[in-house]
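Asker: Residue numbers (the UniProt record's numbering), protein chains in the order written: chain F, 1 to 361; chain Y, 1 to 840.
All C-beta atoms in this analysis are idealised placements derived from N, C-alpha and C, irrespective of residue type, glycine included.
Here you go, one structure.
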Amino acid sequence: MEDDAPVIYGLEFQIHIIDFDDENNIISKSVLQHQAGEIWHISASPADKAVLTTCYNKTSESRVVTCGAVWRMPPEWESGSHESPDDPHNSHNPQNLELLCHLDNSSHGNASCVLWEPMGDGKCVISLADNHALLWDLTESSTQATISSSATLEGKGQLKFTAGKWSPHHNCTQLATANDTAIRGWDLRTMSQIYCIENAHGQLVRDLDFNPNKQYYLASCGDDCKVKFWDVRNINEPVKNLEEHSHWVWSVRYNHSHDQLVLTGSSDSRVILSNMVSISSEPFGHLVDDDDLSDAEDNHQDEKTKEPLQDSIISTYEEHEDSVYAVEWSSADPWLFASLSYDGRLVINRVPRALKYHILL
Amino acid sequence: MDGDINASAPATTPPDSDPARKRRVHGMLKLYYGLNEEGKTVDQAESMDPCDINGPHFDPEVYLNKLRRECSLGELMDQESCMVKQIRSLDSDMQTLVYENYNKFISATDTIRKMKNDFKKMEDEMDCLSTNMASITDFSARISGTLQDQHAQITKLSGVHTLLRKLQFLFELPARLNKCLELQAYAQAVSSHRRARCVLQQYRHMPSFRGIQDDCHAIMDKLAQELRQKFRDGGSSAKDLSECVELLLQLDEPAEELCDKFLSHAQSRLEADLLGLEAELRPPLSSGPTAVTDPYTGPARRLSVEPTAGSPTGPTSLNNPFLFPSLRTDILEFIDRGCNEFVSSLCLVIASYQELFVNRPQEGELASKNIPQMAIGKLHAFVDALATRYFSLVERRIQEEKSVGDNSLLVRALDRFHRRLQAVAKLLPGSAVPSQGTEIVVRAARERIKQYLAALQSFYLNSLTDVRQALAAPRLGGSSAGGGSHLGGPATGKDALASLPELLSTLSASILNQIKSVLASVHLFTAKDITFSNKPYFKGEFCSHGVRESLVVNFIKFVCQSSRQFCESAGDRGGSTPPALLLLLSRLCLDYETSSITYILTLTDEQFLVQHHSPVTAVTALCGEAREAAQKLLNHYVKVQGLIISQMLRKSVETRDWVNTIEPRNVRAVMKRVVEDTTSIDVQVGLLYEEGVRKAHSSDSSKRTFSVYSSSRQQTRYAPSYTPSAPMDTNLLSNIHKLFSERVEIFSPVEFNKVSVLTGIIKISLKTFLECVRLRTFGRYGLQQIQVDCHYLQMYLWRFVSDENLVHFLLDEIVGSTAHRCLDPAPMEQSVIEVICERG
């Protein structure tokens, strides 16, 4: 089977769509031109796989402005010829992205990221621009964007959102943002703050992710080399700390189906896959009822003899030579993930087979 | 008759020689009188031969025949003549013997005849005597016959006389008893009564005796009453009392009751003592927590000012001398009073009790055997009950003894307490009291150790606060030494820095002194002249578990732990701990690891002669802990200092508009500040840590590597990077470059030396710089400014690190990344950069 682009990463002005053929272990890519400027953030619509948003730098009159926009990929890329991986320069007539609309934020400053409504119909996005969180409604098959509501971070000094995440829980009415060392939760219905974890990290918070299966659990990472797991009902203390990286942690991601698997990428050039069993939704191995898995599990008896797993580092991936800025799980295969480093190297890895079977069986 | 044979035998055999013949004659005589048994047997053995002329079995026929057969005629003739000669000589011998003895026979016969005459005379006299005697006997029989009647009468009379005297005694007894009662001669009364009691008992069926008995009983009851009264009043001396008891016992009073009474009487007195003691305890308890807490807040201050001296009443009385005038007797006084009043009277009671009930010889019918056992049982219960109360009082008092200033007082008090209980132990061997007392002492000692640990801990924390203050306000410390160097920031900073080693040495010295003084105080518990020091607890467990483990080892652990807490808390709450303190503590922990722990533990072991029966914490384990703490502190120091510089760099990169910056003319001030700060950190660390080892230290390092850095590597990397058509080349080159360089661990543990620490800090700072640069977009002049800044850093930072290539590598990366992020990457001429940097 073929995976749909687990990660789309941007090199200046280009978007590469990487296809990974799992059976033949072949990587192929398509290149799309992104002429508007260098891309700082990218995210794909959950409803339409051809639609994506980017945040990009636009340089005009020796000013650098970061803007957001919604794009549609040309229809040909999917059926188009895949380049062979050993001939990267053979990018004949790269196609352009089709601009659907700008997320015009001239009054609100630089967009740092754009978030799609998780599992939505591709009609709602949130953009974080300086100290504003803007909720956009996309209409007319995403060709028009209007601000439906907004929230502003007030405080002394120049406050600026550095990261955000739209919670998939509570009917997608919550948003978590990071600015400096604080993590804030927002209620999108009233656009008001619901919690604030001051000094969540010793230094800047770089990334956030929601546990897909436990609605109050949140992971964060930052410049203090730590990954912290929070229960937002009790924000005084983190539930768990991970201190495995030796430099800033730039990205943290929960596995979409097995939330004990946590992926982190750091500027110490490492990617670490951790197994946080104790705070996952399956704390003692597989706890699904017998009825549910009667067809899938034949050798169910072995499970009972299994020891509960301890929190542990599953493995450390050191293929990167420079800082790793992004890690992402495949949306198609829960055992596949990719990481991207500064030098443009994309590494695709699999969860170790032994662990995979341990979790499944 | 035999004599005839003998006489005839020698006649037939002539004697050989004179002496032999004589002997033979004597032998014959002897034989005759049966004198010589042995000789006879010998003779017999010799003379069985019938031919032996001298033997008794001599047979003349055989002899003759033998001679005739064996001898010639001549020989026979000779023999014959010889024989004749011998016979003749024997005859003459016999004649002389007969002649010699004849006279004696004559005189003997005379004597016998004379004796016969004398005896006849004597026989007559004896006859006369016997007749006289017979007449005497006759007379005497007649006299005694006449006297017999009178004698019987006299005997009877004397018997009546004694009976009458006894009766008189009996009849007079009530009166006599009364008189005794009046005179209070109880002992006499009792003994009189005892003498009469049996008789009265026996003849009670006779009305008169019954009357006397009743009278006596009435009187004796009265007497017993009086005695009991006296006993109950208790005012009397112990001797009186014991006399009382003795008399009462003799009066068949039930011993059990007496014991009870005696004890209850004693109890009332002892309880008065106890109440007195309790009264001493009470005022401080009722007058609130101030008195109790005061000495508790006191110790740290007092410890720091005056570690060993000082009286325990000091802080309280200082605070409020009028409210509590002499309200607290010190513990020695308290125990003294307890010993003198309670314990000594308890001993007295025990002694007299035992005298009365237990040890007295049981006489006659009183000796119903269970009295001593019963009495001892009662005594034990009594002593136990009272001792429990006494102990609870003592314990309460000991618990109040919280000031740790002067331990000797407590130890002396405990010693006295313990010593006095030994008296009880001697008096009452099976009692649990002394062992309970020992337990109290043990508990007190344990408590004491805990208090000392707490005092040490608070002392440590206080000294840390002092150090903190000294670091925060260096002018106070520096003004005395530094004089007029009030030139603002850098000067005060240097003062603080200069005092770091002093602070360290004073800190460690004061801690060590404190430990020593505490050890000395605790050592009092095991001094030789203290009675309880030879108890097994104080010999073993107190030394090993108490002092070594709970006091010394726990304190060292506490030092390590509290140091580690600095790392943990400070990391999350924004670094409230000054970095210099971290550095200082790290060095302290390291010193502990290398020497102090061993020293302290050796000192302890020597002082307390610890015999490690049970497993104790090993020196190496403690050292490991200290080293871990030192490492953690130093790592944290590096992190904090790195963070400070990082923040500076990050702010400088983030706040600037790098696209629209002007052409660089100077090194930015931030970079100078970074170098300045790094230098001062270098000085600071250098005060406490050794230099450390550098890799590849070249004499003209800056110049040489600079050229490599600028011309060759940088140029080759730049060239393709600003031709957008070939972006892969840049990646390829940088990847190839990275393949050959080692991965840089940014927040990695550092070693205990200056170079390693500085390397850590610089690594963190430059990596931050790198990451920040990558988030920005640069114009042409932005890139050039970064080039200038990096070159400046390059010039100054290489000297601090262990491996200068590391600095080069990171700076390369920074410039390379900037070039990547540059809209118009036109690098500045190397010579221009140099000029700008030289200018500073």
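How long is the line joining the alpha carbons of Gln436(Y) and Asp330(Y), rounded to whole angstroms?
Answerer: Taking the straight line joining both Cα atoms gives about 23 Å.
Asker: Residues of chain Y with a CB under 8 Å from the CB of Asn57(F): which are they?
Answerer: Within chain Y, the residues near Asn57(F) are Thr777.
Asker: Using beta carbons (cut-off 8 Å, strictly below), is Arg206(F) in contact with chain Y?
Answerer: It does not; no Cβ of chain Y falls within 8 Å.
Asker: Cα separation between Phe20(F) and Ala200(F)?
Answerer: Looking at the two C-alpha atoms, the distance is approximately 37 Å.
Asker: Using Cβ-Cβ distances below 7 Å, what residues of the stretch 231 to 246 of chain F are close to chain Y?
Answerer: Listed by position, the residues of the stretch 231 to 246 of chain F near chain Y (Cβ gap below 7 Å) are Ser246.
Asker: Taking contact to mean 3 or more Cβ pairs, one atom from each stretch, closer than 8 Å, check whether the stretch 534 to 547 of chain Y and the stretch 590 to 598 of chain Y are in contact.
Answerer: No, because fewer than three Cβ pairs between the stretch 534 to 547 of chain Y and the stretch 590 to 598 of chain Y fall closer than 8 Å, the two stretches do not touch.
Asker: Helix or strand or just coil, what does DSSP make of Lys104(Y)?
Answerer: Correct three-state label for Lys104(Y): helix.
Asker: How is the alpha helix (DSSP H) around Asp812(Y) delimited, first residue to last?
Answerer: From DSSP, the alpha helix (DSSP H) with Asp812(Y) extends over 804 to 820.
Asker: Can you tell me the Cα-Cα spacing of Gly344(F) and Ala626(Y), whole angstroms?
Answerer: Gly344(F) and Ala626(Y): Cα-Cα distance of roughly 45 Å.
Asker: Considering only the alpha carbon of each residue, which of Pro664(Y), Leu783(Y), Leu585(Y), Gln514(Y) lies closest to residue 841(Y)?
Answerer: Because chain Y here runs from 1 to 840, residue 841(Y) falls outside it and cannot be looked at.
Asker: Checking the sheet assignment: what are the DSSP bridge partners for Gly68(F)?
Answerer: Its beta-bridge partners are Cys55(F), Leu103(F).
Asker: Output needed for Cys71(Y): all residues of its chain with C-beta closer than 7 Å, excluding positions within five of it in sequence on either side, in chain order.
Answerer: Same-chain partners within the cutoff: Gln79.
Asker: I'd like to know whether the C-beta of Ser748(Y) is nearer than 8 Å to at least one C-beta of chain F.
Answerer: Closer than 8 Å: yes.
Asker: When Cβ atoms are compared, which residues of the stretch 631 to 659 of chain Y fall closer than 8 Å to chain F?
Answerer: Those residues of the stretch 631 to 659 of chain Y that come within reach of chain F (Cβ to Cβ, closer than 8 Å) are Leu643, Val659.
Asker: Cβ of Leu766(Y) less than 8 Å from any chain F Cβ?
Answerer: No, Leu766(Y) does not count as interfacial toward chain F.
Asker: Using a threshold of 7 Å, is the CB atom of Leu471(Y) nearer than that to any non-hydrogen atom of the ligand ADP?
Answerer: Of ligands this structure carries none, so the ligand ADP is not represented either.
Asker: Could you check what DSSP says for Glu447(Y) in three-state terms: helix, strand or coil?
Answerer: The answer is helix: DSSP assigns Glu447(Y) an H, G or I state.
Asker: Just verifying my parser: in three-state terms, what is the DSSP assignment at Ser315(F)?
Answerer: Correct three-state label for Ser315(F): strand.
Asker: Determine whether the Cβ of Arg780(Y) lies closer than 8 Å to any Cβ atom of chain F.
Answerer: No, no contact with chain F.
Asker: Could you tell me whether the Cβ of Arg774(Y) comes closer than 8 Å to any Cβ of chain F?
Answerer: It does; some Cβ of chain F falls within 8 Å.
Asker: At least one CB of chain Y closer than 8 Å to the CB of Tyr342(F): is that the case?
Answerer: Taking Cβ atoms only, chain Y reaches closer than 8 Å to Tyr342(F), which makes this a yes.
Asker: Compute the Euclidean distance between the alpha carbons of Thr594(Y) and Lys450(Y), then round it to the nearest angstrom.
Answerer: C-alpha separation (whole angstroms): 27 Å.
Asker: Can you give me the Cβ contacts of Ser563(Y) inside the same chain, cut-off strictly under 7 Å, excluding the 5 residues immediately before and after it?
Answerer: Excluding residues within five positions, the ones whose Cβ falls inside 7 Å are Leu585, Cys589, Ala629, Leu633.
Asker: Just the C-alpha distance for Glu654(Y) and Tyr792(Y), rounded to the nearest angstrom, thanks.
Answerer: The alpha-carbon atoms of Glu654(Y) and Tyr792(Y) are separated by roughly 20 Å.
Asker: Tell me, please, whether the CB atom of Leu409(Y) is closer than 8 Å to any CB atom in chain F?
Answerer: Judged by the 8 Å Cβ criterion, Leu409(Y) is not in contact with chain F.
Asker: Alpha carbon to alpha carbon, how far is Ala152(Y) from residue 915(Y)? Give it in angstroms, no decimals.
Answerer: Missing from the structure shown is residue 915(Y); chain Y here goes from 1 to 840 and no further.
Asker: Is any beta-carbon of chain Y found at less than 8 Å from that of Asp104(F)?
Answerer: No, Asp104(F) lies away from the interface with chain Y (no Cβ there is under 8 Å from its Cβ).
Asker: Which of the residues in the stretch 255 to 276 of chain F, read from start to end, lie with their CB under 7 Å from any CB of chain Y?
Answerer: Those would be Ser267, Asp268, Ser269, in chain order.
Asker: DSSP state of Ala151(F), grouped into three classes?
Answerer: In the structure shown, Ala151(F) sits in a strand (DSSP, three-state: E or B).
Asker: Three-state secondary structure (DSSP) at Val327(F)?
Answerer: Three-state DSSP puts Val327(F) in a strand.
Asker: With a cut-off of 8 Å, do at least 3 Cβ pairs link the stretch 678 to 691 of chain Y to the stretch 756 to 764 of chain Y?
Answerer: At 8 Å Cβ cutoff, the stretches touch.
Asker: For Ile833(Y), I'd like the list of residues in its chain whose CB is within less than 7 Å of its CB, leaving aside the five on either flank, ordered along the chain.
Answerer: Taken in chain order, the residues that qualify are Gln787, Val788, His791.
Asker: Measuring only between beta-carbons, confirm whether Val252(F) sits less than 8 Å from chain Y.
Answerer: Taking Cβ atoms only, chain Y never reaches closer than 8 Å to Val252(F), which makes this a no.
Asker: Can the beta-carbon of His102(F) be found less than 8 Å from the beta-carbon of Cys67(F)?
Answerer: Closer than 8 Å, so yes.
Asker: Is Val31(F) close to chain Y? Criterion is C-beta to C-beta, closer than 8 Å.
Answerer: No, Val31(F) lies away from the interface with chain Y (no Cβ there is under 8 Å from its Cβ).
Asker: Report the residue from Leu223(Y), Lys166(Y), Arg197(Y) whose alpha carbon sits nearest the alpha carbon of Cys180(Y).
Answerer: Checked all of Leu223(Y), Lys166(Y), Arg197(Y); the closest Cα to Cys180(Y) is Leu223(Y).
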